[in-house]
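Colleague: Let me give you the structure first, and then I'll get to my questions.
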Amino acid sequence: MPKSKRDKKISLTKTKKKDLQFKQQLMDEIRRCVENFSNIFVFSVKNMRNAKLKELRSEWRHSRFFFGKNKVMALGLGLTAETEVQDNLHKLAKQLTGQCGLLFTNKERDEVLEWFDNYSETDYARTGCVATKTVVLPAGPLEQFPHSMEPQLRQLGLPTSLTRGVVTLIEDTVVCQEGKPLKSEQARMLKLLGNQMAAFRLIMKCIWSKGGTFEKFSRKRGLQDVVMEQVEQNNGSNEEEEKVDEDEDENGNDTDNVDEDDN
Numbered sequence: 001m002p003k004s005k006r007d008k009k010i011s012l013t014k015t016k017k018k019d020l021q022f023k024q025q026l027m028d029e030i031r032r033c034v035e036n037f038s039n040i041f042v043f044s045v046k047n048m049r050n051a052k053l054k055e056l057r058s059e060w061r062h063s064r065f066f067f068g069k070n071k072v073m074a075l076g077l078g079l080t081a082e083t084e085v086q087d088n089l090h091k092l093a094k095q096l097t098g099q100c101g102l103l104f105t106n107k108e109r110d111e112v113l114e115w116f117d118n119y120s121e122t123d124y125a126r127t128g129c130v131a132t133k134t135v136v137l138p139a140g141p142l143e144q145f146p147h148s149m150e151p152q153l154r155q156l157g158l159p160t161s162l163t164r165g166v167v168t169l170i171e172d173t174v175v176c177q178e179g180k181p182l183k184s185e186q187a188r189m190l191k192l193l194g195n196q197m198a199a200f201r202l203i204m205k206c207i208w209s210k211g212g213t214f215e216k217f218s219r220k221r222g223l224q225d226v227v228m229e230q231v232e233q234n235n236g237s238n239e240e241e242e243k244v245d246e247d248e249d250e251n252g253n254d255t256d257n258v259d260e261d262d263n
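Here you go:
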């Protein structure tokens, strides 16, 4: 049966797909920053929040943050010793895996590590996040909620009723248990209770410094535990090219275009 000419799919979205020109601009900007900044960090992100990231950019306006496709950023740095912009940058590029980004800065290494070790912004946990503590609501009146919210609370799984116009919990209820992933209803309930369990953090993975020095950090034994791997500038070693995974935002945010400094 021939396909109807009226059977056409029409996209209503106004979002334009990133083209080759955009990717080339990102690579060119990364290469310019390599020349202008003395240190480059690769960092991973815990509990991404775009609003928190925007505040962080403002506080670190003297430096540059980049988020984008990992493969595009890695190509900007150079994936091999033959294509890298400067010596040993390909080692940094191979660390771009998972949800991560680049920080270009002229701040000293120890100053950056200390600042981000102490940086943490709390926020409400989302669906799928692991509960950091057990929350139990005792039976009795929930005076913080107006009577009009009683149906909504029941939809979220709370055994409630109205007693003389006051929302009342019929029995003790466990909202969430420590160590277990949050369901949608649990995350919404915790937000209504004002209970913040998520923390937005940037965790430094490694650093490249002018002159070709590369250091990889290990934080398994504590925040200040750093294992250094230093490489001489002209070691002439060739390493096999690794495939770099593209970004995956577990919270559904678009991280291809987060570098707002270029806008």
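For the sequence shown, the UniProt record's numbering gives the first residue as 1, with consecutive numbering after it. Virtual Cβ for every residue (Gly too), placed ideally from N, Cα, C.
1. Along the beta strand (DSSP E) that carries Asp123, what are the first and last residues, could you check?
2. To which residues of the same chain is Thr122 closer than 6 Å at the C-beta, ignoring the five residues directly before and after it?
3. Which of helix, strand or coil does DSSP assign to Arg221?
4. If contact is defined by three or more beta carbon pairs under 8 Å, each pair taking one atom from either stretch, is the stretch 101 to 120 in contact with the stretch 151 to 167?
5. Out of Lys91, Gln25, Phe116, which has the shortest C-alpha to C-alpha gap to Glu59?
6. Is the beta carbon of Ile40 closer than 9 Å to that of Leu77?
7. Where does Val244 sit, in a helix, a strand or coil, going by DSSP?
8. On the CB-based measure, 16 or more other CB atoms within 10 Å of its CB, does Ala125 come out buried or exposed?
9. Taking 9 Å as the cut-off, decide whether the C-beta atoms of Ala131 and Leu169 are in contact.
10. Name the DSSP beta bridge partners of Pro141, please?
11. I need the straight-line Cα distance from Glu29 to Gln86, nearest angstrom please.
12. Mind checking whether Leu79 and His90 have CB atoms under 9 Å apart?
13. Can you tell me whether Leu26 is buried or exposed? The criterion is at least 16 other CB atoms within 10 Å of its CB, across all chains shown.
14. Can you tell me which of Cys33, Lys180, Phe145 puts its alpha carbon nearest to the alpha carbon of Thr163?
15. Taking the alpha-carbon positions, what's the Pro141 to Glu171 distance?
Modeller: On the basis of the supplied data:
1. 121 to 123
2. Gln196, Ala199
3. Confidence at Arg221 is low in this model, with a pLDDT of 32, below 50, so its placement is unreliable and the value that follows should be read with caution. If DSSP states are grouped into helix, strand and coil, Arg221 belongs with coil.
4. no
5. Phe116
6. yes
7. Residue confidence for Val244 is low, a pLDDT of 35 falling below 50, so the modelled location carries little weight; the figure read from the coordinates is stated next. Coil.
8. buried
9. no
10. Thr168
11. 15 Å
12. yes
13. buried
14. Phe145
15. 10 Å
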